[in-house]
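Okay, structure first, notes after.
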Ligand SMILES: Cc1ncc(COP(=O)(O)O)c(C=O)c1O
């Protein structure tokens, strides 16, 4: 089996047979020629059903995650939607309480109307998970590390609880990426990504994916939603994300290195009351992260001494780190999550989420230091 870095460059791609092009061509055609007998022996018929660039992207993610099949979508949210729509009314879903707030809103705002029930629990407490599980619980949904509290959930322990409940375990691997965390090896049945983040890696393309292992019927249901529901991403987005994936392994290494240095700097600064980063030995997620992650990732959150006003004053003083949403790209991005997430947020007003980019760590630390200096 080739290594992850080799797969991130080669899986799902080959030298183009008609031209010898090493870099995969971008196929923008929405339609493809039928054979004289009416068949499609070259596989492709219509862009919504399948395209060469989408096939490449899906095959590559399947290889990176070690699954059987990947179904890609127009966004990470559409990928989550693709999983939930495969359930039936009256089914029940258990989710970790700090899952991405968009997923919570999807459950509350859309799927509640469809009769899908859900419960938010602290999945770091396995007894709480077992107590919340019901006979009709079909899915356990874990995201780890979480957005925005950077909580770490023990995937093996939740997988065991899901198996005991005859439910499937979905693991959203967006923050960790397959470079740092291998959910299938830890017992997950389904791996979900927002490809908009680390896999694309350059904040210039949007997508989502669902990778499954040993679940052919579910593959068919989710594939049908992609195709019939039309929740697809464009060939250009596939192409861009796949280009981003080529450098995933070295990018993630540098994200981790920079994040570690920044977390250490922030944790000693008097203007910061708390740093949430599993790489810090006193972080509540450190012990579990050490057992299921190769490194601790590029995402951290920290709390400024004070509240909302101090948090905004601090971000206003930043010069290199951009005040912007999203994460996982080359640029460092900072965001006040409470004001973005609204009433249902679990983020304190003093909390800022930092997606540590690939700039020089010294420059990022200098920027944080000068902005902290301006508010204390
Ligand atoms: C952890 C996580 N999951 C899912 C999503 C949704 O992904 P997308 O914006 O690609 O729909 C996001 C977006 O920020 C996210 O941070």
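In our numbering, the protein residues as written are 1 to 376. Beta carbons are placed, not taken as given, at the ideal position from N, Cα and C, and that holds for glycine.
Following the DSSP letters along the chain, one finds residue 102 in no beta strand (DSSP E) but inside the alpha helix (DSSP H) bounded by residues 101-105. Counted as a single uninterrupted DSSP element, the beta strand (DSSP E) harbouring residue 335 occupies residues 333-335. For ligand 1, the residues with a Cβ under 5 Å from any of its heavy atoms are, in chain order, 75, 76, 77, 100, 147, 174, 194, 196. For the 8 Å CB-CB criterion, residue 192 and residue 170 form a contact. Nearest to residue 256 by C-alpha distance, out of 225, 272, 293, is 293. Considering only 111, 369, 348, the residue with the shortest C-alpha distance to residue 98 is 348. The beta-bridge partner set that DSSP reports for residue 141 consists of 95, 170. Counting C-beta atoms within 10 angstroms of its own C-beta, residue 198 has 16 or more neighbours from the protein chains shown and is therefore classed as buried.
The alpha helix (DSSP H) runs lying completely inside the segment 219-306 and spanning 4 residues or more are 235-245, 248-267, 286-292, given in chain order. In this structure, 336 is the residue among 336, 363, 340 with its C-alpha nearest to the C-alpha of residue 353. Between residue 123 and residue 23, the alpha-carbon positions lie close to 43 Å from each other. For residue 313, the CB contacts under 8 Å within the same chain, skipping 5 residues up- and downstream, are 374, 375 in chain order.
Sequence-distant partners of residue 111 (beyond 5 residues in either direction) whose C-beta falls short of 6 Å from its own C-beta, in its chain, are 84. For residue 261, the CB contacts under 7 Å within the same chain, skipping 5 residues up- and downstream, are 361, 365 in chain order. A buried status is given to residue 184, since no fewer than 16 other beta-carbon atoms sit within 10 Å of its beta-carbon.
Taking residue 32 as the centre and dropping the five residues before and after it, the same chain places the C-beta of 44, 45 closer than 6 Å to its C-beta, in chain order. Per DSSP, reduced to three states, the secondary structure at residue 328 is coil, with no helix or strand assignment. CA-CA distance, residue 20 to residue 26, rounds to 14 Å. Taking the Cβ atoms as the reference, residue 194 lies roughly 5 Å from residue 174, within the contact range of under 8 Å.
Distance from the CA atom of residue 71 to the CA atom of residue 223, rounded to whole angstroms, is 6 Å.
Inter-residue distance for residue 68 and residue 80 is about 18 Å (C-alpha atoms, whole angstroms).
Taking the CA atoms as reference points, residue 325 sits about 23 Å from residue 231.
A distance below 7 Å between beta-carbons, with the five flanking residues on each side excluded, links residue 277 to the following residues of its chain, in chain order: 150, 259, 263, 283, 296, 300.
Within 10 angstroms of the beta-carbon of residue 17 lie fewer than 16 other beta-carbons, which makes it exposed. Looking at the backbone, the Cα of residue 281 and that of residue 55 are separated by about 42 Å. The beta carbon of residue 106 sits closer than 8 Å to those of 77, 80, 81, 84, all from its chain and outside the five residues before and after it, given in chain order. Annotation: the continuous beta strand (DSSP E) that includes residue 209 extends over 208-212.
Residue 211 places its beta carbon 8 Å or farther from that of residue 6.
Here residue 320 carries a coil assignment [DSSP, helix/strand/coil]. For residue 73, the enclosing beta strand (DSSP E) stretches over residues 69-73. Here DSSP, grouped into helix, strand and coil, assigns residue 134 to coil.
Following the DSSP letters along the chain, one finds residue 351 in no alpha helix (DSSP H) but inside the beta strand (DSSP E) bounded by residues 351-355. The Cβ atoms of residue 367 and residue 319 lie closer than 8 Å to each other.
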